Amino acid sequence: MTTPAGYTYGHTSLAPSPVTLADLDALKQSVLWSSADEAAIRRAGEILIPQTEAILDVWYGFVGAHPHLVATFAGEDGTPDLEYLGAVRRRFAQWIDDLCNRPYDEDWLAYQEEIGRRHHPRGKNETDRVESTSTHIPLRDLIGFISPITLTIRPFLQNGASDADDVGEMLDAWLKAVTLTVSLWARPYNEELW
Ligand code: HEM
5 MTTPAGYTYG HTSLAPSPVT LADLDALKQS VLWSSADEAA IRRAGEILIP
55 QTEAILDVWY GFVGAHPHLV ATFAGEDGTP DLEYLGAVRR RFAQWIDDLC
105 NRPYDEDWLA YQEEIGRRHH PRGKNETDRV ESTSTHIPLR DLIGFISPIT
155 LTIRPFLQNG ASDADDVGEM LDAWLKAVTL TVSLWARPYN EELW
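So, in C-alpha cells, the structure goes:
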C-alpha cells in the first residue's frame with residue numbers, strides 16, 4: 005500500500021500513547037460512542053472515501069477563505085506554502101479513511117498522539133520540514149474546527165446514501181468520532197489537566 009509522505013501510522017518509531025485503552029473507553033462513553041456508531045462510521049466511510057477529493061476541496065476552500073486559518077500553512081515568508089498544503093492534504097485524505105475504517109486500538113491511539121503533536125509547537129512543521137512563520141494551531145481553532153468538519157459532511161453523505169441508509173445516524177457517528185480524536189489531539193496542549 006502506498007502511504008502519503010510523513011504518514012507514520014503503526015510505525016515502530018512512534019512512541020506509544022500515554023492514553024490507555026481504559027482512558028479511551030471512558031472517553032468513548034463521554035462522547036456517547038456505541039457499537040451502533042462503529043457500524044455507522046464504517047458505512048459513512050464507504051460513502052465518503054470515493055468523494056475524498058471533493059470533501060478536501062470544501063475544507064481547503066474554507067481554510068483558504070480565512071486568513072487566520074491559512075496562516076498556519078505559511079512558509080518562511082508568511083505566504084501559503086503550496087507544497088506544505090499539498091503534503092498535509094494527502095495525509096488528511098488518509099485520515100478520513102483511518103477515522104472510518106481503523107480499529108481504535110493502541111496503534112490508532114499512538115497516531116492520534118502524534119497528530120496532536122503535529123498541531124502543537126512540539127511537532128508542527130517537523131514532518132514536512134517547513135520553515136513556517138506559524139508555530140502551532142491554536143487549541144481554540146482545533147476545537148472550533150469540529151463544527152465545519154462535521155456540518156460540511158452532510159451533503160456528501162446525502163450524495164451517496166441509499167434508501168436503506170440513515171444519514172442522521174452516520175452524521176452522529178462522524179461527529180462523535182471527530183470529537184473523540186480532537187479530544188485526544190488536545191492532550192499535548194495540557195498534559196496535566198487532560
Ligand atoms: C477538527 C479539527 C481538525 C482536523 C480533523 C484536522 C486534521 C488534520 C490532519 C488529518 C492532519 C495531518 C495529520 C498527519 O500528519 O497525518 C492535519 C495537519 C495539520 N492541520 Fe489540522 N485538523 C484540524 C484542525 C486544524 C485547524 C483549525 C488548522 C488551522 C488553523 C489546522 C492546520 C493544520 C496544519 C498546519 C497541519 C500540518 C501540521 C504539521 O505537521 O506541520 N488543523 N490536520
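Numbering of the sequence shown is given in the working numbering, commencing with residue 5 and proceeding in unit increments. Don't be surprised by glycine CBs; every beta carbon is placed ideally from N, CA and C. Please read these numbers as outputs of a predicted model, since none were measured by experiment.
- Here Gln98 is near Pro8, since their CB atoms are less than 7 Å apart.
- When DSSP states are grouped into helix, strand and coil, Ala78 belongs to the strand group.
- Using a Cβ distance threshold of 7 Å, His123 and Leu146 count as a contacting pair.
- Taking the Cα positions, Thr12 is about 15 Å away from Asp109.
- DSSP lists Ala78 as the beta-bridge partner residues of Pro84.
- Cβ neighbours of Ile51 within its own chain (closer than 8 Å, five residues either side excluded): Phe160, Leu161, Asn163, Gly164, Ala165, Asp169, Met174.
- Straight across, the Cα-Cα distance linking Gln33 with Thr83 is about 42 Å.
- Proximity to Thr183 across Val35, Glu135, Ala75 peaks at Val35, based on C-alpha coordinates.
- Val171 has its CB no nearer than 6 Å to any heavy atom of the ligand HEM.
- It is roughly 14 Å from the alpha-carbon of Thr56 to the alpha-carbon of Val92.
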